[in-house]
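**Student:** All the letters of the sequence shown, read from the start, carry residue numbers 156 to 642 under this note's numbering.
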Amino acid sequence: MFRGNLFWRFFSAIMAAMLIAVFICVGIMATNLSQVRRRAYETEVSLQAREVAEYMGNLNKLSSVVDNVTMQHVIRSKVRDIHDRYNADIWIVSYNSGYAQVLDSSWNTSDYILTDSVTKQLQRIQQGDEIRVTGLFPELGDHIVTIGVPWTYFDGSVVGAVLLHISDEALRLHVTDLLPQVLPAAGIAILLGVIVSLILTRSFIRPLRELDNAVAEFTKGDLSRRVNLNCGGELEQLGHSINNMAQELSELEDSRRHFVAAVSHELRSPLTSMRGYVEALQDGVIPEDQAPATLQIIMDETNRLTDLVRDLLDMSRLESGKFPLVIAPFDANELFSRILISFEPRIDAKHINVEVGFGEEHCYAKGDANRITQVLSNFIDNAIKFMPDGGTLTVETKPQGRDIFFAVRNNGPAIAEKDLPHIFERFYKADKAHTSGGGTGLGLAISNMIVREHGGQIRVESNEALTSFMFTLPACTKAEYDAAAKA
156 MFRGNLFWRF FSAIMAAMLI AVFICVGIMA TNLSQVRRRA YETEVSLQAR EVAEYMGNLN
216 KLSSVVDNVT MQHVIRSKVR DIHDRYNADI WIVSYNSGYA QVLDSSWNTS DYILTDSVTK
276 QLQRIQQGDE IRVTGLFPEL GDHIVTIGVP WTYFDGSVVG AVLLHISDEA LRLHVTDLLP
336 QVLPAAGIAI LLGVIVSLIL TRSFIRPLRE LDNAVAEFTK GDLSRRVNLN CGGELEQLGH
396 SINNMAQELS ELEDSRRHFV AAVSHELRSP LTSMRGYVEA LQDGVIPEDQ APATLQIIMD
456 ETNRLTDLVR DLLDMSRLES GKFPLVIAPF DANELFSRIL ISFEPRIDAK HINVEVGFGE
516 EHCYAKGDAN RITQVLSNFI DNAIKFMPDG GTLTVETKPQ GRDIFFAVRN NGPAIAEKDL
576 PHIFERFYKA DKAHTSGGGT GLGLAISNMI VREHGGQIRV ESNEALTSFM FTLPACTKAE
636 YDAAAKA
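1) Just the Cα atoms here: how many angstroms apart are G560 and K375?
2) Count the other C-beta atoms from every protein chain shown that fall within 10 angstroms of the C-beta of I179, then say buried if there are 16 or more, exposed otherwise.
3) Answer yes if the segment 406-417 comes into contact with the segment 435-452, meaning at least three C-beta pairs across the two stretches below 8 angstroms, and no otherwise.
4) Comparing C-alpha positions only, which one of L346, P305, V300 sits nearest to E324?
5) How far does the beta strand (DSSP E) with I247 in it reach, from first residue to last?
6) Please classify T270: does DSSP put it in a helix, a strand, or coil?
7) Would E619 pass as a contact of P484 if the rule is Cβ separation under 8 angstroms?
8) Just mark I175 as buried or exposed, buried being the case when its beta carbon has 16 or more other beta carbons within 10 Å.
9) When the Cα of D544 is compared with those of A569, N508, G476, G512, which residue comes out closest?
10) DSSP three-state label for V644, please.
11) Specify the secondary structure class of K375 as computed by DSSP and reduced to three states.
12) Return no unless some Cβ of chain D is closer than 8 angstroms to the Cβ of P479.
13) Helix, strand or coil: how does DSSP classify M542 here?
14) Going by C-alpha to C-alpha distance, which of Y308, S249, R493, R164 sits closest to T528?
15) Which ranges does the alpha helix (DSSP H) cover as unbroken runs of at least 4 residues, wholly within the segment 187-242, from first to last along the chain?
16) Locate the alpha helix (DSSP H) running through L291, then write down its first and last residues.
17) Inspect the CB distances between the segment 593-613 and the segment 467-475 and report whether three or more fall short of 8 angstroms.
18) Would you list the residues sitting across from H320 in a DSSP beta bridge?
19) Between P425 and E434, what straight-line distance do the alpha-carbon atoms span, to the nearest angstrom?
20) To which residues of the same chain is M470 closer than 8 angstroms at the C-beta, ignoring the five residues directly before and after it?
21) Do you know how far the Cα of E499 is from the Cα of P479?
22) In chain order, what residues of the same chain have a beta carbon less than 6 angstroms from the beta carbon of F491, not counting five sequence neighbours either side?
23) Measure the C-alpha to C-alpha separation of Q445 and R423 and round it to an integer number of angstroms.
24) Note down the Cα distance separating M542 from C631, rounded to an integer number of angstroms.
25) Within 10 angstroms of the Cβ of N533, are there 16 or more other Cβ atoms? Answer buried if so, exposed if not.
26) Can you tell which of I237, G182, S379, A401 has its C-alpha closest to the C-alpha of L338?
27) Alpha carbon to alpha carbon, what distance is there between N525 and E515?
28) Could you tell me the alpha carbon to alpha carbon distance between L347 and S322, rounded to whole angstroms?
29) Any chance the CB of Q437 is under 7 angstroms from a heavy atom of the ligand MG?
30) With distances taken between CB atoms, is the gap from S249 to G342 smaller than 8 angstroms?
31) Where does the unbroken beta strand (DSSP E) through D444 begin, and where does it stop?
32) When you compare each of D637, R205, T289 to H298 by their alpha carbons, which one comes out closest?
33) Would you list the one or two residues that DSSP bridges to N508?
34) Taking only three categories from DSSP, how would you classify R643?
35) Using three-state DSSP, classify Q555 as helix, strand or coil.
36) Is the beta carbon of F373 less than 8 angstroms from the beta carbon of A401?
Printed below as a string of structure tokens:
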């Protein structure tokens, strides 16, 4: 359905455009040919009138009666020839005699020769001008064209005029006159138009069919299909975009599979452990003095499941855009200090040195303090988790233009260079969650989403000496902070 309809639509559209162009060209050609024909016809008739005028001038030069009679016969023959060839009436007017002598004419010239309009034109000719006038005789209609030329005596003085009256119809170019000239050209143009239309339509439809087939494969779940177009322009760019989309969908599908596998593992491992310990307690295998420790293990696994479910819910809400943020001014230094106090037991347990680098006494930022606490806690938790005993943990805040800069640094093991570009990607760490020694592996992805929901920027740098997690949030003034505190 797509192929047939689209092909014929394009073909019909191109053919229609070409036919319109052909008809326009034919119209222009007809107009030009008509004008050329009219000018040529008028020129030809004017030449005939000049010949008669020349004969009349020669007639006045002849002294011999025989020559005079012969010339009159030549003039009459010429006049009859003009009448027969052009269906024209000829007036030969003598200014000396003051009357019009009309040869071979059916007109009653006495009705016209003395009219003001005719007299005016004769006066122009007497001054040596040639005339071309339409509608000189209103009684006969506007279709009569009059061409007049002067005839002169041997000394150059104008002694008369030759006027040819022809119908305007004779000057017009009719459709039947055009057919022999236009039809072959129009036929060739239409034939070429059909061929060109087929070629253009096929060349345009072929990449569209390729795109259609590829999309059909995608809908069936085959994301390995790629579009191969070499047509240039927007269609080739569209093909590249579709290939990129397929690649991203394929990667997203792989990530989804890895995520499902990782979540399944994370759910199965604690549940299996909890079930084993519960069955052992039921069977009385575990001594009573070890029961509290066993119950603590079950509680730890329960908390781990709770954390996993919470992270999954947070990710789902972030991705759906339904993650509520309570934006308000807060003191970044105070927030950092409270978070460090909450980690004090773990910091002391690993003998970690804490360095605080606050750029100012107070750094006021704008955001959801609870969610930013979640981000900073995740960074500090990861730092403590992977740092060696006696390592150094550094926290920083400072104004940076219109933002507040946050950083958590540690001298633990470096993150592999190949992992750095993907460290904040969704699900990237999910397949490694079971090797991290705790946690779900979703914390960094959630932190990235939270920061970006605030309109901030987040990044990571890592080398053998130092690993740094950094982000920015919009800054606010002390007045805004004080106003929010009083509210």
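For glycine and all other residues, C-beta sits at the position ideal for the given N, C-alpha and C.
**Tutor:** Answer, in terms of the structure:
1) Sequence inspection shows Phe at residue 560; the Gly mentioned does not correspond to that position. Each residue's Cα considered, the two are about 47 angstroms apart.
2) Burial call: exposed.
3) Result no; under three Cβ-Cβ pairs closer than 8 angstroms.
4) Closest option to E324, Cα to Cα, is V300.
5) Run containing I247: 244-249, per the beta strand (DSSP E) assignment.
6) The answer is coil: DSSP assigns T270 none of H, G, I, E or B.
7) 8 angstroms or more divides the Cβ of E619 from the Cβ of P484.
8) By the neighbour-count rule (16 or more Cβ atoms within 10 Å), I175 is not buried but exposed.
9) In this structure, N508 is the residue among A569, N508, G476, G512 with its C-alpha nearest to the C-alpha of D544.
10) Residue 644 lies beyond the range of the chain shown here (156 to 642); nothing can be said about it.
11) Under the three-state reduction of DSSP, K375 is assigned to coil, being neither helix nor strand.
12) In the structure shown, chain D cannot be found, because there is only a single protein chain.
13) In this structure, M542 counts as coil in the three-state DSSP scheme.
14) Selected option, being the one with the closest Cα: R493.
15) The qualifying runs are 220-241.
16) From DSSP, L291 is part of no alpha helix (DSSP H); its letter is neither H nor E.
17) At 8 angstroms Cβ cutoff, the stretches touch.
18) Paired residue(s): D244, T301.
19) Taking the straight line from one Cα to the other gives about 14 angstroms.
20) Same-chain partners within the cutoff: R581, L597, A600, I601, M604.
21) Distance between the alpha carbons of P479 and E499: 30 angstroms.
22) Taken in chain order, the residues that qualify are V550.
23) Across the structure, Q445 and R423 are spaced so that their CA atoms are roughly 24 angstroms apart.
24) Our two residues, M542 and C631, have alpha carbons roughly 34 angstroms apart in a direct line.
25) Buried, by the Cβ-count rule.
26) If we check each option's Cα against that of L338, G182 comes out closest.
27) Going by the C-alpha atoms only, they are around 22 angstroms apart.
28) Their Cα atoms are separated by approximately 40 angstroms.
29) What this structure holds is no ligand at all, so the ligand MG is not there to describe.
30) No; because the gap between Cβ atoms is not below 8 angstroms, this pair is not in contact.
31) No beta strand (DSSP E) contains D444, which DSSP labels as neither H nor E.
32) Relative to H298, the option among D637, R205, T289 whose CA is nearest is T289.
33) N508 is bridged to T547.
34) Here the chain has residues from 156 to 642 only, and residue 643 is not among them.
35) Q555: strand per DSSP, three-state reduction.
36) In this structure, F373 lies near A401, with their beta-carbon atoms less than 8 angstroms apart.
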